[in-house]
Every structure is written in structure tokens, then in C-alpha cells.
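Trainee:
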Amino acid sequence: MAIRFPKIVNAKQALRRAFMASEAATVPKGHFAVYIGEFEKKRFVVPISHLKHPSFQNLLSQAGEEFGFDQPMGGLTIPCSEQVFFDLTCSL
Numbered sequence: 003m004a005i006r007f008p009k010i011v012n013a014k015q016a017l018r019r020a021f022m023a024s025e026a027a028t029v030p031k032g033h034f035a036v037y038i039g040e041f042e043k044k045r046f047v048v049p050i051s052h053l054k055h056p057s058f059q060n061l062l063s064q065a066g067e068e069f070g071f072d073q074p075m076g077g078l079t080i081p082c083s084e085q086v087f088f089d090l091t092c093s094l
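Counting with this note's numbering, you get residues 3 to 94 for the letters of the sequence shown.
1) Using only alpha-carbon positions, find the residue among S93, E67 and L62 that is nearest to I38.
2) Which two residues bound the contiguous alpha helix (DSSP H) that contains T91?
3) Starting from I38, trace the beta strand (DSSP E) in both directions and tell me its first and last residue.
4) Assign P81 to one of three DSSP states: helix, strand, or coil.
5) Taking a contact to mean a Cβ-Cβ separation below 9 Å, would you say H33 touches L94 in this structure?
6) Mind checking which residues open and close the beta strand (DSSP E) that includes F46?
7) In whole angstroms, what separates the C-alpha of L90 from that of F46?
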């Protein structure tokens, strides 16, 4: 049984809502789109400031090795679960 702290749970929910963007939405200035998921891809909008963090850079390197950087979806595809992505972005 896991113990969850209300502030952490609320922060993850707020982060999830902030990162999720509708498919038709444009990417705001200072952000970029990524597609997260191993099978079903979900689109998230991420601040460019995340690019300076080594853990995020490592995730992008892994994505580049697996998918390359010429992707038809219009954003980067990152082959990880949503939970891994949320945990990583919460720690930045």
C-alpha cells in the first residue's frame, strides 16, 4: 500500500493538465510538442527550459536512437510510459 501526500498528488494532477494539449491546439512560444507512450501516443506541450536538464536530455537521446528525429507527427516521439514522463518532469 502506497502512501500519497496530497500536495504531491495535486501537483501531479496540475502538471498533467498543464502538459496535455488538444490535438488541434498550436504550440505556444517557448514550448515544443512531444508524443508520449509506448503504444498509444498522447501529445504534451513541454517548456523549452526542460531541454537544459540532463535527465530530459537523456530521454531525448533514447528517443533519437529508437525513432530518429525525422518524425511525421509534427513533434518528438518519446518511447516511455506517461507515468515515467510525469515522474521525470515533476523532478525538473
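The C-beta atom is built at its ideal place from N, Cα and C for all residues, glycine as well.
Remember, it's a predicted structure, so these values are computed and weren't measured experimentally.
Mentor: Let me spell this out:
1) Counted from its first residue, the sequence shown places residue 38 at position 36. Distance from the Cα of I38 is smallest, within the candidate group S93, E67 and L62, for L62.
2) Within the sequence shown, the letter at position 89 stands for residue 91. It spans E84 to C92 - the alpha helix (DSSP H) in which T91 sits, taken as one unbroken run.
3) On the sequence shown, residue 38 is found 36 positions in, with the first residue counted as 1. H33 to I38 is the span of the beta strand (DSSP E), which, as asked, contains I38.
4) The residue given as residue 81 occupies position 79 in the sequence shown. P81: coil per DSSP, three-state reduction.
5) Here the question's residue 33 lines up with position 31 in the sequence shown. Here the question's residue 94 lines up with position 92 in the sequence shown. Result no, Cβ atoms of H33 and L94 do not sit closer than 9 Å.
6) The residue labelled residue 46 in the question sits at position 44 within the sequence shown. Taken as a continuous stretch (DSSP letters only), the beta strand (DSSP E) holding F46 covers K44 to P49.
7) For the purposes of this step, residue 90 is taken as the residue at position 88 of the sequence shown. For the purposes of this step, residue 46 is taken as the residue at position 44 of the sequence shown. Each residue's Cα considered, the two are about 14 Å apart.
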